[in-house]
Amino acid sequence: MSSPLVTTDWLQDNLDNQCLVLIDASMVNVVGKEPIVYDRPVFIPGSYKIDLEGTLCDTGSSQIHAFPTEEQFTEEARRLGITPESLVVLYDNQGLYSAPRAWWIFRAMGLNHVFVLDGGLPQWLAEGRDTVSAPVAEAATPGSVAGNLDRSLVRDSAYIFQHLEDERIMVIDARSQARFLAQAPEPRPGVRGGHIPNSLNLPFSEVLEGYRFKPASELAATFAHLAPSLPPNNEQQLVFSCGSGITACIILLAAELVGYNQLSLYDGSWADWGSSESLPVA
-2 MSSPLVTTDW LQDNLDNQCL VLIDASMVNV VGKEPIVYDR PVFIPGSYKI DLEGTLCDTG
58 SSQIHAFPTE EQFTEEARRL GITPESLVVL YDNQGLYSAP RAWWIFRAMG LNHVFVLDGG
118 LPQWLAEGRD TVSAPVAEAA TPGSVAGNLD RSLVRDSAYI FQHLEDERIM VIDARSQARF
178 LAQAPEPRPG VRGGHIPNSL NLPFSEVLEG YRFKPASELA ATFAHLAPSL PPNNEQQLVF
238 SCGSGITACI ILLAAELVGY NQLSLYDGSW ADWGSSESLP VA
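For the sequence shown, the working numbering assigns the number -2 to the initial residue and increments by one for each residue that follows.
Here you go:
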């Protein structure tokens, strides 16, 4: 499969595929949108559950949501039974919110056959498909993959600061325009308003339509309007940021869908940059 997305039809047809590892990557805390609230646990049949705010978060870091260590990732991937032959499909209960973050973690850790369910659980439910009330606890046979982090895919503030005036590096911020322009308060205490100098703003809601991504043609037009000098497949690097490294992955995934390939995530994002008085703010 060439696209990083799979459809609900594809997933329905592949629920019995022995290579499929289906994972619910929903988060408890949803920031930047009105959350969909469920009155009971709901999962797609055969799903495992991962914890992006705990098990797959480096809690020893000062960042709010920090990339997991290779050891954390390896332990979790083996619990899920993931092998080099696995087809990993990730979804979340907001449509498209935290699943892209999980997708980028898996990709950065060296797994290539990793996909996001377009529309997630809400799209699945809207189509009247079967659900269950509990996830699968762990795989019958432990997995065999090991995390090997590609550090060029995950950036820090030192890298961003070093390249502030480098025209080959473009930072794109997924927060709302009001937060980007310091016209709305930041949701986290001690974080200044504003944005990284020279960065561009693409609120993650602008790449979505309902629970799903907009068509590729519309996404391409959105990126072309945002940065006319950045055609896909050029050598310019796009670094994606947001509040704490979650919704940045939504627009990162959108960029990959339309052909951009020099992509990375500023993992600490604005919660990291905006809380440091030594870093400049626009």
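The beta carbon of each residue, even a glycine, is placed where N, CA and C say it ideally should be.
The model shown is predicted, which means the values in this text are computed figures rather than measured ones.
Would you decide whether residue i is buried or exposed? Buried here means 16 or more other CB atoms lie within 10 Å of its CB.
i: His222; result: exposed
i: Asn90; result: buried
i: Thr138; result: exposed
i: Gly265; result: buried
i: Glu135; result: exposed
i: Val34; result: exposed
i: Arg98; result: buried
i: Ala294; result: Residue 294 lies beyond the residue range present for the chain, which begins at -2 and ends at 279; the question has no answer from this structure.
i: Val111; result: buried
i: Glu31; result: exposed
i: Met24; result: buried
i: Arg152; result: buried
i: Glu253; result: buried
i: Ala22; result: buried
Would you list the one or two residues that DSSP bridges to residue i?
i: Glu206; result: Arg209
i: Asp163; result: Answer by DSSP bridge pairing: none, since Asp163 is not bridged.
i: Leu8; result: According to DSSP, Leu8 bridges with nothing at all.
i: Tyr45; result: Ile20
i: Gln233; result: Answer by DSSP bridge pairing: none, since Gln233 is not bridged.
i: Phe112; result: Val86
i: Arg152; result: Tyr263
i: Asn198; result: Asp170
i: Phe40; result: Val129
i: Leu2; result: Val113
i: Ser238; result: Asp170
Throw me the rounded Cβ distance for the residue i and residue j pair, which I believe falls under 8 Å.
i: Val113; j: Leu150; result: About 16 Å separates the two Cβ atoms, so there is no contact after all.
i: Thr66; j: Asp55; result: 6 Å
i: Gly43; j: Leu12; result: 6 Å
i: Leu53; j: Ile47; result: 6 Å
In angstroms, rounded to a whole number, what distance separates the CA positions of residue i and residue j?
i: Ser130; j: Ala171; result: 33 Å
i: Gln180; j: Glu73; result: 40 Å
i: Leu8; j: Glu274; result: 47 Å
i: Leu227; j: Ala105; result: 23 Å
i: Ala84; j: Val18; result: The sequence shown places Leu at residue 84, rather than the Ala named in the question. One C-alpha to the other measures close to 6 Å.
i: Asp163; j: Gln233; result: 10 Å
i: Ile248; j: Gly140; result: 30 Å
i: Glu215; j: Tyr94; result: 19 Å
i: Ile41; j: Glu82; result: 22 Å
i: Ala155; j: Glu124; result: 46 Å
i: Ser261; j: Gly107; result: 14 Å
i: Cys16; j: Asp10; result: 13 Å
i: Val255; j: Cys246; result: 14 Å
i: Val39; j: Arg126; result: 12 Å
i: Ser0; j: Lys211; result: 14 Å
i: Asn198; j: Phe64; result: 23 Å
i: Met(-2); j: Asn26; result: 32 Å
i: His192; j: Ala251; result: 21 Å
i: Arg165; j: Ser238; result: 16 Å
i: Ala279; j: Ala213; result: 31 Å
i: Arg148; j: Asn109; result: 16 Å
i: Leu146; j: Arg37; result: 36 Å
Going by beta-carbon coordinates alone, are residue i and residue j separated by less than 9 Å?
i: Leu117; j: Gly92; result: Note on identity: in this sequence residue 117 is Gly, with Leu being the wrong assignment. The answer is yes: Cβ separation under 9 Å.
i: Leu49; j: Ile243; result: yes
i: Gly271; j: Arg189; result: yes
i: Gly29; j: Ser173; result: yes
i: Pro225; j: Asn258; result: no
i: Leu235; j: Ile169; result: yes
i: Val142; j: Tyr45; result: no
i: Glu183; j: Gly240; result: yes
i: Thr219; j: Asp115; result: no
i: Leu161; j: Pro194; result: yes
i: Ile102; j: Tyr263; result: no
i: Gln69; j: Gly207; result: no
i: Arg176; j: Trp267; result: yes
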